[in-house]
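If you're matching positions, the sequence shown starts at 0 in numbering that gives the first Met the number 0 and goes up one per residue. C-beta: ideal position from N, C-alpha, C; glycine also.
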Amino acid sequence: MLTNLLVAVLIALLPAFILFLFLFFSSWENLLWVVFGLGALGWFLAFLLRILPLQAPVKIYGPMFTLTLWNLAYASILAGLFEESIRYILMRKIWFIRQSFRHVTSFGLGWGFGEAAIIYVGTLISLWIIGKHFTFLDMLPGAIERNLAIVIHVALTFILIKAIVSLRFLWFAMGIHAGVDFLVTTVYRIYRLPIWEVETIIALIAIILFTYAYLLTRGLTSIKYVDLSGLGS
């Protein structure tokens, strides 16, 4: 039982961390560790900031409101609003986050890693402690979903490079984030789509967003008013 839990945790966390280590050892830039950590801290800050507004409708309308489509839409909007705004602020104010493609990727990896560690791993460990043990097949979809979410976070991070000179990309990133969250939670919780079909939808979204982010920034060498040395090289 414990072995199944450990394997699921490793599947959820190791791919992003291994990719980060590859980026680090291919350049030996010590700031990459800081950028990775800032990504994780950024997600946690966005998470903390939206706890109170997320709980407000429950206090007003009662616990049953959490099961409604309205609550799913509200929670998705909050996720897009807080996560992308915090991500944008950090990228704009801390210049070395956007110093190179390695730094931007590390920031996105850290962001997704922090989410996986707290939301997925933290939840599994908490349930394990209180005696709720799951099979490996029960935990596997969530572990795979965390990896797909990390790909989406990396893509959104690259899209936000463009937001530094054009805020329409910030609104776009917020809308995409909220839309993805709403779509996935709706088809799973409201329409009860089988879990592996939901994972397929997430995988397609991840591929599309990553491709779009790549095409958006592949020819990027510099952005006015922003030090982006190394981008596109």
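query: Provide the residue span of the alpha helix (DSSP H) that contains Phe100, from first to last.; result: 100-114
query: Can you tell which of Ile118, Thr104, Ala72, Val150 has its C-alpha closest to the C-alpha of Gly141?; result: Ile118
query: Is the beta carbon of Ile151 less than 8 Å from the beta carbon of Ile204?; result: yes
query: Does the beta-carbon of Glu83 have 16 or more other beta-carbons within 10 angstroms, so that it is buried, or is it exposed?; result: buried
query: Can you tell me the Cα-Cα spacing of Gly218 and Arg191, whole angstroms?; result: 42 Å
query: Flag this pair as yes or no: are the beta carbons of Met90 and Ile163 separated by less than 8 Å?; result: yes
query: In whole angstroms, what is the alpha-carbon distance linking Phe19 and Gly61?; result: 43 Å
query: What is the DSSP secondary structure of Pro14, reduced to helix, strand or coil?; result: helix
query: Could you say which of Phe35, Leu53, Leu4, Trp69 lies nearest to Arg101 if we only look at CA atoms?; result: Phe35
query: Is Leu62 helix, strand or coil when you go by DSSP?; result: Here the sequence assigns Pro to residue 62, which means Leu is not the residue at that position. Three-state DSSP puts Pro62 in a helix.
query: Give me, in chain order, the residues of the same chain whose beta-carbon lies closer than 6 Å to that of Pro14; leave out the 5 immediate sequence neighbours on both sides.; result: Asn146
query: Can you tell me where the alpha helix (DSSP H) with Lys131 in it begins and where it stops?; result: Segment: none, Lys131 is in no alpha helix (DSSP H) and carries neither H nor E.
query: Put Asn70 into one of helix, strand or coil per three-state DSSP.; result: helix
query: Return the first residue and the last residue of the alpha helix (DSSP H) that Phe95 is part of.; result: Unbroken run through Phe95: none, as it is neither H nor E.
query: Quick check on DSSP: helix, strand or coil for Val164?; result: coil
query: What residue range does the alpha helix (DSSP H) around Leu31 cover?; result: 30-48
query: Are Leu80 and Val153 touching if we call contact CB-CB under 8 Å?; result: no
query: Classify Ser274 as buried or exposed, calling it buried when 16 or more other Cβ atoms lie within 10 Å of its own Cβ.; result: Outside the displayed span of the chain (0 to 232) sits residue 274, for which this structure offers no information.
query: Are Leu44 and Ile85 close, meaning C-beta to C-beta below 8 Å?; result: yes
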